[in-house]
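Residues in the sequence shown are numbered from 67 upward in steps of one, following our numbering.
Here the structure comes first, spelled out in structure tokens, and everything after it is commentary.
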Amino acid sequence: VLTVDPSSLGPEVSSLLYGIFFEDINHAVDGGLYAEMIRNRSFEHQDPVEGWFAVFESDCKATFSIETDRPLNKNNTKYLSFEIQSDDKLISLSNDGYDGIPLKKGERYLFSVFVRSDEEYNGEIKVMLANAKGEPEAEKNLGTAFSSEWEKYSVELQPNEGLDDGRLIITMKGSGKISFDMVSLFPEENWNGMRIDLLEMLEELKPAFVRFPGGCLVEGDSLENAYRWKDTIGPIEERKTNYNLWGYHQSYGIGFYEYLLLSEHLGAEPIPIFNAGMSCQVRGAEYCPMDEMDEWVRNVLDFIEFANGPSDSLWGSKRSELGHPEPFNIKYIGIGNENWGTEYHDRFPLFRQAVKEKYPEITIIFSGPPSYEGASFNRAWRWARSNGIEILDEHMYAVPEWMLRNTDRYDKYDRSGPKVMLGEYAAHAAGTRNTLQAAIAEAALMTGLERNSDIVIMAAYAPLFNREGWSQWTPDLIWFDNTRVYGTPSYHVQKLFNDNTGNVIISSSLTDEDIEIIGYWFKSLYHVCSYDFESKELIIKIVNPWPEEKKLRIEIGEEVQVTGKAEMISITSDNIFDENTFQNPDKVRPKTVGMSNLSNEFTLTFSGNSVTVLRLETT
Ligand code: AHR
67 VLTVDPSSLG PEVSSLLYGI FFEDINHAVD GGLYAEMIRN RSFEHQDPVE
117 GWFAVFESDC KATFSIETDR PLNKNNTKYL SFEIQSDDKL ISLSNDGYDG
167 IPLKKGERYL FSVFVRSDEE YNGEIKVMLA NAKGEPEAEK NLGTAFSSEW
217 EKYSVELQPN EGLDDGRLII TMKGSGKISF DMVSLFPEEN WNGMRIDLLE
267 MLEELKPAFV RFPGGCLVEG DSLENAYRWK DTIGPIEERK TNYNLWGYHQ
317 SYGIGFYEYL LLSEHLGAEP IPIFNAGMSC QVRGAEYCPM DEMDEWVRNV
367 LDFIEFANGP SDSLWGSKRS ELGHPEPFNI KYIGIGNENW GTEYHDRFPL
417 FRQAVKEKYP EITIIFSGPP SYEGASFNRA WRWARSNGIE ILDEHMYAVP
467 EWMLRNTDRY DKYDRSGPKV MLGEYAAHAA GTRNTLQAAI AEAALMTGLE
517 RNSDIVIMAA YAPLFNREGW SQWTPDLIWF DNTRVYGTPS YHVQKLFNDN
567 TGNVIISSSL TDEDIEIIGY WFKSLYHVCS YDFESKELII KIVNPWPEEK
617 KLRIEIGEEV QVTGKAEMIS ITSDNIFDEN TFQNPDKVRP KTVGMSNLSN
667 EFTLTFSGNS VTVLRLETT
């Protein structure tokens with residue numbers, strides 16, 4: 067029996083409870099949300115010709131090289147040059163993006179490139195969208211005379227046919243020296259440079275916050291490639307690209323300004339995370355000397371001014387120039403990611419003091435260590451408690467069984483201490499696959515998050531995206547390739563919970579006995595109840611992690627009257643190891659049924675391996 071007692075109200079459900087965590091891992095951004103179709107457009111990758119192929123007609127006398135002597139600007143140091151002696155031979159330079167460039171018939175693609183001709187280049191340059199054999203589907207002339215200074219050329223291309231495996235090809239027939247940089251191709255259909263289908267997946271989640279831009283990415287392998295937000299704003303050709311800790315190069319086409327725009331668009335609270343003056347500790351940290359910490363502290367202060375400052379302030383004016391004169395009014399910042407120990411505890415106060423002095427209204431999130439239990443975790447909490455930390459960022463990657471056994475973890479947290487942002491979590495089932503089993507364990511854990519959302523005020527699954535074939539980490543919430551995208555069972559659980567939070571927790575208790583398996587105790591069902599004042603609905607979430615269906619008697623106290631009308635939304639599948647795939651993206655997804663004739667007491671059957679939300683209309 068589940069007893070629901072509407073006379074006993076728990077905490078209000080945190081309005082920030084379910085958010086997203088954004089990090090450019092698994093090509094979430096470059097090759098993902100960022101709609102740029104050219105890989106390595108500015109020849110700045112570790113391998114400067116990654117993604118590029120040059121083909122010379124036979125007997126063509128020409129060489130090509132990566133040069134640095136007269137760059138486009140100081141941040142964009144490398145470019146590609148051809149020196150050509152034969153003026154009647156064809157040279158083609160092609161890029162196949164990520165697994166080929168997908169092209170839609172009739173869609174307009176915006177091509178742009180910076181070109182410079184040092185030793186007068188005589189001849190024509192064309193640009194085309196072609197198939198893998200080089201046969202053009204759209205073609206334009208770029209010109210025949212080019213300046214000896216860098217000049218930008220832009221053309222629109224509209225393919226006659228759709229292609230999964232397209233190429234961008236630049237052809238040259240002429241002689242002289244010609245150089246290229248920032249070779250770019252965008253579908254006309256994009257939102258602030260973002261891919262629409264992936265953006266829609268985020269819109270549907272309706273996240274309450276966006277934590278960005280990482281993760282370990284913020285920390286860097288060393289401080290040299292740590293994330294510096296100032297490199298990520300302004301004209302894209304002037305952004306200083308960076309080799310990221312996940313092993314690939316980032317264009318920073320989506321930088322801090324775009325993350326702020328994205329958060330605003332999603333109606334989500336931006337939670338920017340800043341490097342704490344130390345690189346990734348798990349990989350053997352580099353620590354910025356204490357007397358040189360000013361760079362890192364300034365980095366944070368300047369960002370707050372960029373986001374919130376008036377248009378006539380130094381950094382606020384830059385935001386204004388980018389097209390957003392109104393401040394973003396950010397309220398939170400995080401200092402560090404998965405940092406711990408004396409080195410972190412020494413550096414954190416420098417940030418706190420500087421930020422609170424200038425911006426006392428900003429809440430500062432303290433980083434927890436990578437572990438979610440054990441000695442260093444306990445030490446971090448002790449330090450946080452005795453140093454007046456406002457919010458501590460916990461991360462939890464755990465096996466499903468652990469999550470099922472720890473749904474009451476936050477019931478025991480000290481209410482007078484720091485709040486928790488569970489900034490990253492996911493159930494890691496066997497093979498780290500995105501199975502229904504993992505999603506069910508997360509749902510069970512989330513019943514505990516919701517019940518305790520006076521203390522756990524924010525939580526986000528991690529990582530968010532995975533580009534198939536280009537990933538460094540599984541499981542992930544959303545999988546995509548060039549043209550397809552699907553939500554994993556975990557995605558549907560996140561959405562289901564977030565769509566059905568309610569405003570206040572209602573006490574509920576289960577009389578069914580706990581289940582013991584080889585000395586470990588599990589609940590027979592996991593549950594949380596809340597009330598939505600606007601729709602006057604009682605919301606009951608039930609998670610059944612067991613293979614057999616469960617009959618449950620639900621008894622609701624008389625403080626509310628159930629009208630009889632209800633909706634039941636369930637996520638389940640035949641097998642607990644089922645997962646969604648590109649071939650079968652909807653294998654595991656929510657199904658909604660309407661119900662009638664319910665009263666304050668009724669019995670329902672919950673399928674095996676299921677997550678269910680009941681919305682009961684009340685008076
Ligand atoms: O989410 C992937 C990584 O997991 C994050 O970058 C890091 O914070 C954690 O270790």
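The beta carbon of each residue, even a glycine, is placed where N, CA and C say it ideally should be.
Nearest-angstrom beta carbon gap, residue j and residue i [assumed within contact, 8 Å]
i: S519; j: V70; result: The pair is not a contact, with the Cβ atoms about 18 Å apart (cut-off 8 Å).
i: F414; j: A342; result: 6 Å
i: A493; j: V559; result: That pair is no contact at about 10 Å.
i: L562; j: V679; result: 6 Å
i: L283; j: I431; result: Not confirmed; about 17 Å, so no contact.
i: E205; j: K192; result: 6 Å
i: F668; j: I620; result: 6 Å
i: I637; j: P555; result: 7 Å
i: M487; j: I523; result: 7 Å
i: Q627; j: T685; result: 5 Å
Alpha-carbon to alpha-carbon, residue j and residue i
i: R233; j: A196; result: 5 Å
i: E600; j: E624; result: 19 Å
i: M344; j: G382; result: 27 Å
i: E358; j: L416; result: 11 Å
i: V39; j: M469; result: The structure shown does not extend to residue 39, since the chain is modelled only from 67 to 685, so the question has no answer here.
i: D297; j: I635; result: 45 Å
i: S81; j: T629; result: 27 Å
i: I572; j: N564; result: 17 Å
i: G568; j: I605; result: 7 Å
i: D574; j: G514; result: The sequence given here has Ser at residue 574, not Asp. Looking at the two C-alpha atoms, the distance is approximately 12 Å.
i: G350; j: H331; result: 38 Å
i: K140; j: H411; result: 36 Å
i: G240; j: G259; result: 34 Å
i: K602; j: C595; result: 13 Å
i: N532; j: D230; result: 19 Å
i: G209; j: A495; result: 56 Å
i: R305; j: E387; result: 16 Å
i: T429; j: I399; result: 6 Å
i: N566; j: E203; result: 47 Å
i: K243; j: S158; result: 15 Å
i: S665; j: D598; result: 18 Å
i: G691; j: P541; result: Any answer about residue 691 is impossible in this case: the structure gives the chain only from 67 up to 685.
i: L682; j: P466; result: 29 Å
i: E645; j: A509; result: 16 Å
i: E149; j: Q112; result: 23 Å
i: M462; j: T129; result: 52 Å
Close beta carbons around residue i, own chain, < 6 Å, minus the five adjacent residues each side
i: G280; result: E89
i: T143; result: T134 and P137
i: G117; result: R105, N106 and N161
i: M103; result: G163, I167 and L251
i: P393; result: N374
i: V249; result: I104, R107 and V179
i: Q224; result: R174 and A204
i: V95; result: I320
i: S220; result: S178
Own chain residues within Cβ distance below 8 Å of residue i, not counting five before or after
i: E215; result: R182
i: E710; result: With the chain covering only 67 through 685, there is no way to say anything about residue 710.
i: G535; result: D165 and D547
i: S590; result: L576, D578, E579, D580, I581, W612 and K616
i: D474; result: G514
i: W587; result: R471, D580 and I581
Residues near residue i by beta carbon distance below 7 Å, same chain, minus five either side
i: T307; result: S108, E110, H315, Q316, S317 and Y318
i: F156; result: Before going further, note that residue 156 is Leu rather than Phe in the sequence given. E123, T237 and K239.
i: V276; result: G85, I86, F88, Y325, L328, S329, L332, A334, P336 and I337
i: G189; result: D153, T210, M238, K239, G240 and S241
i: P273; result: Y84, G85, I86, L332 and A334
i: N403; result: G280, G281, C282, V284, E285, I339 and S433
i: I521; result: Y476, Y479, R481, K485 and V486
Residue-level contact to chain D via CB, residue i, 8 Å cutoff
i: A420; result: Looking at the structure shown, chain D is missing, and only one protein chain is on hand.
Which ranges does the alpha helix (DSSP H) cover as unbroken runs of at least 4 residues, wholly within the segment 283–341, from first to last along the chain? 322–332
Mind pulling the beta strand (DSSP E) runs of 3 or more residues that sit fully within the segment 177–206? 188–196
4-residue-minimum alpha helix (DSSP H) runs that sit fully inside the segment 541–586, ordered along the chain: 555–565
Along the chain, which unbroken stretches of the beta strand (DSSP E) at least 3 residues long are found entirely within the segment 616–656? 616–622 and 628–638
Along the chain, which unbroken stretches of the alpha helix (DSSP H) at least 4 residues long are found entirely within the segment 254–278? 262–271
My parser needs the beta strand (DSSP E) runs of 3 or more residues fully inside the segment 337–425; what are they? 398–401
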